[in-house]
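J.: A single structure is presented below for examination.
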Amino acid sequence: MPPFYCMVMRINIDCSGCFRKVREALNKIQELESHLIERRQGRVTVWGAFEPQAVAIRVRKAINRRVEILDVGEIDRGGGEMVLLVKEGKEGCWKE
1277 MPPFYCMVMR INIDCSGCFR KVREALNKIQ ELESHLIERR QGRVTVWGAF EPQAVAIRVR
1337 KAINRRVEIL DVGEIDRGGG EMVLLVKEGK EGCWKE
């Protein structure tokens, strides 16, 4: 079974057209189980069994904008609960 990741990216989403492009690009990636787009913060979080660099490259090519990977966390799928923690400007993926 491929590793399960949680990845946080920074993408400049300054209009509804950019938001739509990001959403469509993420929906086309079959390896993603879920995603969260925080438009005001310019932050996109994705979960799934994927290769982090490959997802960032595919999103960048689809939207033609810079994509910065802020955090990547490998999640053990064995029983725990996955939590996105955002605190004092520090974002990341942790398991509780």
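Quick note: my numbering has the sequence shown finishing at residue 1372, numbered continuously throughout. We put the beta carbon where it would ideally sit given N, CA and C, even for glycine. Values in this document were obtained by computation on a predicted structure and should not be read as measured data.
For the alpha helix (DSSP H) containing F1295, name the first residue and the last one.
T.: Unbroken alpha helix (DSSP H) run through F1295: S1292 to K1304.
J.: Measuring CA to CA, which of G1324, D1290 and L1312 is closest to Q1306?
T.: The candidate whose alpha carbon is nearest that of Q1306 is G1324.
J.: Assign I1287 to one of three DSSP states: helix, strand, or coil.
T.: Reduced to three states, the DSSP call for I1287 is strand.
J.: Do you know whose CA, among R1336, R1341, A1338 and H1311, lies nearest V1284's CA?
T.: Here the closest residue by C-alpha is H1311.
J.: Have a look at F1280 and I1287 and give me their C-alpha separation to the nearest angstrom.
T.: Spanning the two alpha carbons is a distance of roughly 22 Å.
J.: Which residues bound the beta strand (DSSP E) around R1334?
T.: Element bounds for R1334: not the beta strand (DSSP E) but the alpha helix (DSSP H), P1328 to I1339.
J.: Measuring alpha carbon to alpha carbon, tell me which residue in S1292, E1309, R1319 and C1291 is nearest L1346.
T.: With distances taken between Cα atoms, L1346 lies closest to R1319.
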